[in-house]
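All remarks here apply to the structure that follows.
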Amino acid sequence: MNLYEHTIIARQDVSPSQIKQIQEKYSKIVEKFDGNIVKLENWGLMNMSYLIKKNKKGNYIHFKIKADGKIISELEKNEKIDKNLLRYLTVKVKKFDLETDYFKKNEEKEFSAR
């Protein structure tokens, strides 16, 4: 089993219930092919560096997956045809960083600075 970090960017006008459906849809695909989702993070709505399909912002969803390569190809095949998604990225890693919550720390710093 290989370790992957998989990030999805959904359109900015997707509702929170649709985001939950997207998370469940791709989680089920991983579990269907005997993969394991170690951690699922919803990073929320963030600005993008440049316009993608006329969107300035996107809803970021990040998966840490323990699976075979067949599962990743199946995920990406489904993501190509999903109209709610703007981009996706899969990176194979040697070890997961499960302690650091990069985006939660930024939010805490903003509140403590006020």
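Start counting at 1 in the sequence shown, then tack on 1, and there's your number in the working numbering.
Quick reminder that beta carbons are idealized off the backbone N, C-alpha and C, glycines included.
Distance between residue j and residue i (C-alpha atoms, nearest Å)
i: M2; j: A68; result: 5 angstroms
i: I82; j: A11; result: 13 angstroms
i: K21; j: L4; result: 23 angstroms
i: K33; j: F64; result: 16 angstroms
i: K96; j: I66; result: 11 angstroms
i: V39; j: K55; result: 33 angstroms
Beta-bridge pairing of residue i - partner residues as DSSP gives them
i: Y61; result: I10, G45
i: K67; result: L4, N37
i: S53; result: Inspection of the sequence shows that residue 53 is occupied by Ile rather than by Ser. The partner list for I53 (beta bridge, DSSP) reads N56.
7 angstroms Cβ shell around residue i - same chain, five flanking residues per side excluded
i: I30; result: E75, L76, N79
i: K71; result: F34
Same chain only: Cβ atoms within 6 angstroms of residue i, ignoring 5 sequence neighbours per side
i: N43; result: I62
i: T91; result: Y5, H7, I73
Per-residue burial, residue i [other beta carbons within 10 Å of its own, 16 or more giving buried]
i: G45; result: exposed
i: L86; result: buried
Enumerated in chain order, which unbroken segments of the beta strand (DSSP E) with a length of 3 residues or greater are wholly contained in the stretch 75-108?
The qualifying runs are 86-94.
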